[in-house]
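This report concerns only the one structure given below.
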Amino acid sequence: MNKKTKRLLGRNEFYVAAIIIVLALIIQVISGQFIAVNNLVDLARAIIVNAIYALCGLLAFVSTGADVSFPMIAGMTTYIIFKVAEVTSLPAIVLVLIALAIGALCGCINGFFIVKYHFNSLIVTLSTSAICYGIAFGALKGVRIDVPEAFKGFSKWNLFTVRSNITGLGAKMHGAILIMILLYVIAYLVLRHTMVGRSIYAIGGDEISARRAGIQVDRVRFGVFVVNGMIAVIGGLCYACMCKNCSPMEYYGGENIVIAAIVLGGVRLTGGHGTLLGCLLGTFLLSMVSNSLTLIGVSVYWQNVFIGLIIVGGASISAIQAKRSLKASKELGKEAA
Amino acid sequence: MTTVKKLKINSDFLRMLVILVVFIVAATITSGSNFFSVVSFQTMAKQLTEYGLMSIALSMAMITGGIDLSTVYIANMCGAIASLTISAIAPEGQFIGILFACILAIAIGLCCGALNGFLVSVVGVPPMLATLGTYELFSGITIVLSNGQSIQVIPQFTVFATLEVLGIPLPFIVFVIMAVIFSILLGKTAFGRRVHLVGVNPKAARFAGINNEKTIIMAYTLGGFLCAVAGLISLSRVSSVKADFGSSYVMMTILIAVLGGCNPAGGWGEIPGVATAVLVLQVISQWLTAVPWINGYYRQALYGILLLGFMTYKFYRDKGTQRR
Amino acid sequence: MSEYILDCKGVCKSFGGVHALQNVDLRVKRGEVHCLAGENGCGKSTIIKAISGFQPQDSGTIEFDGTVYQQLSPSISIDQGIQVIYQDMSVFPNLTVQENLAINTVISNKQKIYNHRQQREIAKKVMATLDLDLDLDDLVETLPVAAKQLIAIARALYAKAKFLILDEPTTALTRKEVDRLFEIIRDLKAKGLSILFVSHKLDEMYEISDSITIMRSGQAVYTGPMATLSEEDFTHYMTGRDFNDVDNKHAEERIQYDAKPAIELKDLSGPGFAGVSFKVQPGEIVGITGQLGSGRSELCNTLFGIEQATGGTITCAGKQVTISSVKDATKNGIALVPEDRLTEGLFLPVSIMENITVVNFDKFTKGVTLDAPNQIAESAQWVKDIHVKTDDHMLPVQTLSGGNQQKVVLAKWLSTDPKILILNGPTVGVDIGAKYDIYALLRELAKKGLAVLVASDDLTEVSRLCDRTVVMRGGIMTGEIAGKDLTVENLTKAIM
Chain A
1 MNKKTKRLLG RNEFYVAAII IVLALIIQVI SGQFIAVNNL VDLARAIIVN AIYALCGLLA
61 FVSTGADVSF PMIAGMTTYI IFKVAEVTSL PAIVLVLIAL AIGALCGCIN GFFIVKYHFN
121 SLIVTLSTSA ICYGIAFGAL KGVRIDVPEA FKGFSKWNLF TVRSNITGLG AKMHGAILIM
181 ILLYVIAYLV LRHTMVGRSI YAIGGDEISA RRAGIQVDRV RFGVFVVNGM IAVIGGLCYA
241 CMCKNCSPME YYGGENIVIA AIVLGGVRLT GGHGTLLGCL LGTFLLSMVS NSLTLIGVSV
301 YWQNVFIGLI IVGGASISAI QAKRSLKASK ELGKEAA
Chain B
338 MTTVKKLKIN SDFLRMLVIL VVFIVAATIT SGSNFFSVVS FQTMAKQLTE YGLMSIALSM
398 AMITGGIDLS TVYIANMCGA IASLTISAIA PEGQFIGILF ACILAIAIGL CCGALNGFLV
458 SVVGVPPMLA TLGTYELFSG ITIVLSNGQS IQVIPQFTVF ATLEVLGIPL PFIVFVIMAV
518 IFSILLGKTA FGRRVHLVGV NPKAARFAGI NNEKTIIMAY TLGGFLCAVA GLISLSRVSS
578 VKADFGSSYV MMTILIAVLG GCNPAGGWGE IPGVATAVLV LQVISQWLTA VPWINGYYRQ
638 ALYGILLLGF MTYKFYRDKG TQRR
Chain C
662 MSEYILDCKG VCKSFGGVHA LQNVDLRVKR GEVHCLAGEN GCGKSTIIKA ISGFQPQDSG
722 TIEFDGTVYQ QLSPSISIDQ GIQVIYQDMS VFPNLTVQEN LAINTVISNK QKIYNHRQQR
782 EIAKKVMATL DLDLDLDDLV ETLPVAAKQL IAIARALYAK AKFLILDEPT TALTRKEVDR
842 LFEIIRDLKA KGLSILFVSH KLDEMYEISD SITIMRSGQA VYTGPMATLS EEDFTHYMTG
902 RDFNDVDNKH AEERIQYDAK PAIELKDLSG PGFAGVSFKV QPGEIVGITG QLGSGRSELC
962 NTLFGIEQAT GGTITCAGKQ VTISSVKDAT KNGIALVPED RLTEGLFLPV SIMENITVVN
1022 FDKFTKGVTL DAPNQIAESA QWVKDIHVKT DDHMLPVQTL SGGNQQKVVL AKWLSTDPKI
1082 LILNGPTVGV DIGAKYDIYA LLRELAKKGL AVLVASDDLT EVSRLCDRTV VMRGGIMTGE
1142 IAGKDLTVEN LTKAIM
């Protein structure tokens, strides 16, 4: 086999893409509605927020470990900003900057404990998440509030509306997708073409080697969590504006599906591995499954069961693969000797 | 090295005990004499059982070097299944039917735990990911079973949570019994020591003839059992069950396990310490209810701060001992 | 210009109250290969850290290339041309060969932007320093250890190294790879590079070094040319003691020739080896020798049930057995002291007592719980019997030295009362003193009727300790050497 094809076949993204195509065909055959334009636009709309969160997950897992705090950072900050917007008449841009600052601050807390004390990142971010939860619901009551005037424009910003000939249903594409695309382009440029981006992968691959090579490991890690806080806030604002209201409760627990998605996309919990394409494909696959259940006539109550099965199945397959390749590399070593 | 570095086996337990006493005294002083009344004790004793049992389950997973995020959802699923079974076969509250439903729920709890253990040890999925997947799966099954609604249990079943022996609520007695059994099991038996050793170094455990897969599956299975019992008790206390009931317990159980002396990296942790940490948290939480301007949601924030603070304290303490 | 490229004078370093380095002088001439030898914990790695700037010394000076430094920092050290090749190679397994080759250069150029085309150019130039031919797009985790090491060396050379420190570079290499490495080292020497070669293998030192510094407990105790140092002197300086090794093995008194073989393999195959047949009598010490990758470790693990045999038979004391788990092996009286003590043999943060008694948990279980007093009594007995040096056997095993740790592993398995004791690399990382203790202990045990199998690539060890040895090459058993023929020379020929 050609070496390039071999490499392609060894990649997670390839399998996820294949599964997406097969599932799409199945759904199309059963419902006849999958490739309807309105469904595709709905699907694209559905992945926006999770795809943004997926960046947080990717950065955290590649460089350090789990980050489960992004949904609550997003929820709390969005709620605070909406409240501020209600009582003041600050322009949207100032509000967004304040929001980013709050997100960065939460990220600093994560980064501080993880970098300074080397605590398990899952436990640190779980704590931050709990603190944000406490602030959002305890101090601020955390009820549902509508989008304030300052964000109304963004909230109503639709790029285009489509109407399907097959179903007769319409769908609107929200402008937030441009923000998502922009973030992915920036992330691509940073991760592929800057020293900082490559350092993130290098640290995840071997921390000690990275230190010896002169990479500022602590600074990069701290930076990752600060940036994560800000990305989370952007995701949170997009979500609230797309829903036209904000209720912190809706953010709670959002990390699970994101982590599941990026792991399916090939991010390794042990660090150093994961691609943007994988994140997008993983997110797309999970959104497709939950969006399409109704299309093929399955009750929406089954959603979690399917997602659970996909996580367990996907994780098992990659665990078994990893075991096999370990064995194979052992044999390889022998041949070389 | 001149100073002798002893293995402190039960120091976490002792420390928690001291903290507990301090807290009780402080709480009694600050919130008046009614803090330690019989009624207040009984409310506390009922509440803590559910997350207390789940904390023990989580601690076991942590000692093997893993984590179990699915505890709450195993409990809810078992509760839902028990409730549905009772409604189906014993709508009048026939004892034999209730008994069967409980046994069924516990059996399912064991299976759930075994599934977690299987995924972690035999398949080799990282514990966090495996239990995240089963968490979605179990909560999904509960949603399907309950059509997304909360399931009410027949009133006869709620009697159990209100039973008392010598003024001590039955759920609390269950917790104490389980805490004692699991303290002995993990601290004093061959199985318990194997659980610890697998957590310290799985490779060395294999070379020492320990069957890692079996040990890990057993630990998670027993955890599943505890969760099922917690689910039944919560069903009886609240008289209903919902797929996402008690989701904040996940955070609490991790906090308790760490407070009780478990090392998230595996290998260390004793159940007496964990059980005392459960009491400490309940006292704190009860104390907070007595303060009017603090609502229940603040508790989460406080737990988060407490967890970070305690880990930082431990970091500096361990650093001190290392330097010696 | 001074004759010496590196001249450390009176270097001291202490941690807490422990003096890791006391007035160490270390001088390396320009263009020579200088060997740094010493037992574990003698301060070798501390002085390297001082030279590389990662852990500056408390007092003393380091003169490098004519400049005297009170303290070095990592960046100064690298700028001056000091490069360290660590034992773990310092490569990034998740990145491509290209990135691994180029990353250091890009970092030291303080570039912010990562240009892939430029990087490829750099990577090609780096490869050219050693005439390497690797696929630049391969992930490093898929490469063999030797290739990773070459990447690390090439990277160091491209960074304009004048002085190369190789920290135990041959540990994970096969003999062929070691030869290639030595060729490269000689080549570099010819180009005028100075090399500090850290090792514990005496034969390698004679082969490659021009001069040697031996360290013992934080002090440099000998410096001089390699060629004039005798093996006895070497041992003396390393340990501070003299050893009269018992050359008389008393084999005839020990081996029970008329008994049934303790273990007999017929045509045994498994992962990484095939067609192995030999037998071991009670009281006999048999070696299994071969290079890394010859299948000796796999054979040991298979006999112990860690790996599964795929063909052939194992007979223990006349009875054919199947061994598919460690439990089966223990039941048939087989015990294994594994290759890597730290990761396979011991629970480091756990007490010595528990480390010794872990294999007998079932025996100590009374009713439901473990019988702690009994456990402690047995452990105390073993600690006394095989002279584990410790104040208290309830201390974590990581407080012990390498040799004493190995004794704990031995005690653990002896407590199962085995009939066949397999040791895989029994004295790797063990001080010479403790090494002789272990040899004596093994002979003692053999005298009592134990069959001992020693898998090792330390040929001196095999020739001294064993009565007979099985030679393996590339997973196949190529023959046996016994009696007077069992010499280092013959073994060297046989394993190649």
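Chains as they are written, first to last, in the working numbering: chain A, 1 to 337; chain B, 338 to 661; chain C, 662 to 1157.
We put the beta carbon where it would ideally sit given N, CA and C, even for glycine.
- Taking C-beta atoms as the reference points, G948/C and T1130/C count as a pair closer than 8 Å.
- Judged by their CB atoms, L357/B and A594/B are not nearer to each other than the 8 Å cut-off.
- The beta carbon of D581/B sits closer than 7 Å to those of S476, all from its chain and outside the five residues before and after it, given in chain order.
- If you look at E1141/C, you'll find it in the beta strand (DSSP E) that goes 1137–1143.
- Contact fails between the segment 308–328 of chain A and the segment 64–81 of chain A, because fewer than three Cβ pairs, one in each stretch, are under 8 Å apart.
- The Cβ atoms of Q489/B and S577/B sit closer than 8 Å to each other.
- At a cut-off of 8 Å between beta carbons, I521/B contacts chain C.
- Taking the Cα positions, F562/B is about 9 Å away from C449/B.
- The DSSP-derived three-state label of H897/C is helix.
- A direct Cα-to-Cα measurement between C279/A and L8/A gives close to 17 Å.
- For A171/A, the beta-bridge partners assigned by DSSP are V162/A.
- Within the same chain, E607, I608, P609 come within 8 Å of G524/B by CB-CB distance, once the 5 residues on both sides are set aside.
- Beta-carbon to beta-carbon, I200/A and V224/A are separated by about 6 Å, close enough to satisfy the 8 Å threshold.
- Look at N538/B: its C-beta is not under 8 Å from any C-beta on chain A.
- Of the residues assessed, A210/A falls on the buried side of the cut-off, its CB having 16 or more other CB atoms within 10 angstroms.
- In this structure, A382/B sits away from W624/B, with a CB-CB distance that is not shorter than 8 Å.
- Its Cα nearest to that of I135/A, the residue G641/B stands out among G641/B, I393/B, D655/B, F647/B.
- T194/A carries a strand assignment under DSSP once its states are collapsed to helix, strand and coil.
- Taking C-beta atoms as the reference points, V1069/C and I1013/C count as a pair closer than 8 Å.
- For the segment 209–229 of chain A, the set of positions with a beta-carbon nearer than 7 Å to some beta-carbon of chain C reads S209, R212, A213, G214, I215 in chain order.
- Going by DSSP, A232/A is part of the alpha helix (DSSP H) stretching over 217–243.
- With respect to the 8 Å criterion, C669/C and G714/C are not classified as neighbours on the basis of their beta carbons.
- In this structure, the CA atom of M195/A is about 14 Å from the CA atom of I186/A.
- Interface flag for T64/A against chain C is unset, since no Cβ pair is found closer than 8 Å.
- Of the residues F1022/C, A833/C, H1048/C, the one whose Cα lies closest to the Cα of I1037/C is F1022/C.
- Taking 8 Å as the CB threshold, P754/C lines the interface with chain A.
- For N765/C, the chain A residues whose Cβ falls inside 8 Å of its Cβ are A213, G214, in order along the chain.
- The segment 1052–1070 of chain C makes contact with the segment 998–1011 of chain C; the number of CB pairs closer than 8 Å reaches 3 or more.
- Residue burial is scored here from C-beta neighbours: D798/C has fewer than 16 other C-beta atoms within 10 angstroms and is therefore classed as exposed.
- In this structure, the straight-line span from the alpha carbon of D840/C to that of D794/C is close to 18 Å.
- Scanning the segment 503–578 of chain B from its first residue to its last, no whole beta strand (DSSP E) run of 3-plus residues comes out.
- In this structure, K921/C is the residue among L842/C, D796/C, K921/C with its C-alpha nearest to the C-alpha of T976/C.
- Annotated as distal: I1093/C and E760/C, with beta-carbon spacing of 8 Å or more.
- In this structure, L385/B places its C-beta atom within 8 Å of the C-beta atom of L616/B.
- In the structure shown, the three-state DSSP call for Q772/C is coil.
- Q731/C sits exposed, since fewer than 16 C-beta atoms from the chains shown fall within 10 Å of its C-beta.
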